[in-house]
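In this text, residue positions in the sequence shown follow this note's numbering: the first is 0, and each later residue adds one.
Built from N, CA and C at the ideal position, the CB exists for glycine as well.
Quick caveat, the model's predicted, so the values are computed rather than measured.
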Amino acid sequence: MKLRDKILQSVDLEEELVAVPEWDCSILVRGMTGDKRSKLIQECVKVNSRTKQTKTDLDKMYPIMIIECSLDPETKERIFSDEDRDALSKKSAKALDRVFKKAAALSGLEDEIEEQEKNS
Numbered sequence: 000m001k002l003r004d005k006i007l008q009s010v011d012l013e014e015e016l017v018a019v020p021e022w023d024c025s026i027l028v029r030g031m032t033g034d035k036r037s038k039l040i041q042e043c044v045k046v047n048s049r050t051k052q053t054k055t056d057l058d059k060m061y062p063i064m065i066i067e068c069s070l071d072p073e074t075k076e077r078i079f080s081d082e083d084r085d086a087l088s089k090k091s092a093k094a095l096d097r098v099f100k101k102a103a104a105l106s107g108l109e110d111e112i113e114e115q116e117k118n119s
């Protein structure tokens, strides 16, 4: 098998079961694909044209990542739809933060999120 084929056929999205006691369940959190992460960054990260500094809109990023990365452990299908955004925003901040941080880590965004949280 050629290396290219090996890479393209690999199952490389990391997943982790996350206990969410506030919801009395565990959910499967899966990292984002490269194209979904790029779209997320385009939507949520803005560059100041004058200072060239970036600012991440965490209020926008949190629900997008939670909706996209939260899966039913049994079916591996998304738990939430885009229409659940407002309802999710009313759930426990601690629970949302736990799921979001795991999704960010599995998607390679952990360092950027920590930096933005320090600067906010």
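* Apply the 10 Å Cβ neighbour rule to V46 and answer buried if 16 or more other Cβ atoms are within range, or exposed otherwise. => Position 47 of the sequence shown holds residue 46. Exposed.
* Asked: Anyone know if the C-beta pair for L27 and D71 falls short of 8 Å?
  -> Indexing the sequence shown from 1 puts residue 27 at position 28. Indexing the sequence shown from 1 puts residue 71 at position 72. Yes.
* **K59 to M0 span [Cα, whole Å]** => Position 60 of the sequence shown, counting from 1, holds the residue named residue 59. Position 1 of the sequence shown, counting from 1, holds the residue named residue 0. When rounded, the distance between both Cα atoms is 42 Å.
* **Which of helix, strand or coil DSSP assigns to L39** => The residue labelled residue 39 in the question sits at position 40 within the sequence shown. L39 falls in the helix class under three-state DSSP.
* Distance, Q52 Cα to K90 Cα -> Position 91 of the sequence shown, counted from the first residue, corresponds to residue 90. Position 53 of the sequence shown, counted from the first residue, corresponds to residue 52. Their Cα atoms are separated by approximately 32 Å.
* Under a three-way DSSP split, which group does L63 fall into? -> Here residue 63 refers to the residue found at position 64 of the sequence shown. One detail in the question is off: residue 63 reads as Ile in this sequence, not Leu. In the structure shown, I63 sits in a helix (DSSP, three-state: H, G or I).
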